[in-house]
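**Q** Here it is: the structure, laid out below.
Numbering (this note's numbering), first residue to last: -15 to 69.
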């Protein structure tokens, strides 16, 4: 590998807030926030929306989604469609 062109590869904590689950791995992802891990060291932390602890494929359960809220948010953002003429 060429020196000086690759991002730093270091330990990072990924935290799934929905499932109250976190894991330590190595990554090039960056974050300004840090967390003290079980080993006493401080690592950058990245919050993720979904992980193996909360994904229905891995857990075998389904979560109810607020589809009405999603539609309303889409309509607010992009306006109500006029339909094809």
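All C-beta atoms, glycine included, are put in the ideal place defined by N, C-alpha and C.
Model, not experiment: these values are computed from the prediction.
So who's on the other strand from residue 31, going by DSSP bridges?
**A** -1, per the DSSP bridge assignment.
**Q** In chain order, what residues of the same chain lie with their CB nearer than 7 Å to the CB of residue 27, ignoring the 5 residues before and after it?
**A** Closer than 7 Å at Cβ, skipping near neighbours: -5, -4, -3, 8, 18, 19 and 21.
**Q** Assuming residue 12 contacts residue -7 (C-beta within less than 8 Å), just tell me the rounded distance between them.
**A** With a Cβ gap of about 6 Å, residue 12 and residue -7 count as contacting.
**Q** Using the three-state DSSP reduction, which class does residue -8 fall into: helix, strand or coil?
**A** Residue state, collapsed to three classes: coil.
**Q** Looking at residue 1: is its Cβ nearer than 8 Å to the Cβ of residue 31?
**A** Cβ distance < 8 Å, so residue 1 and residue 31 count as in contact.
**Q** Please classify residue 20: does DSSP put it in a helix, a strand, or coil?
**A** In this structure, residue 20 counts as strand in the three-state DSSP scheme.
**Q** Going by CA-CA distance only, name the one from 6, -13, 63 and -9 that's closest to residue 33.
**A** When only C-alpha atoms are compared, the closest one is 6.
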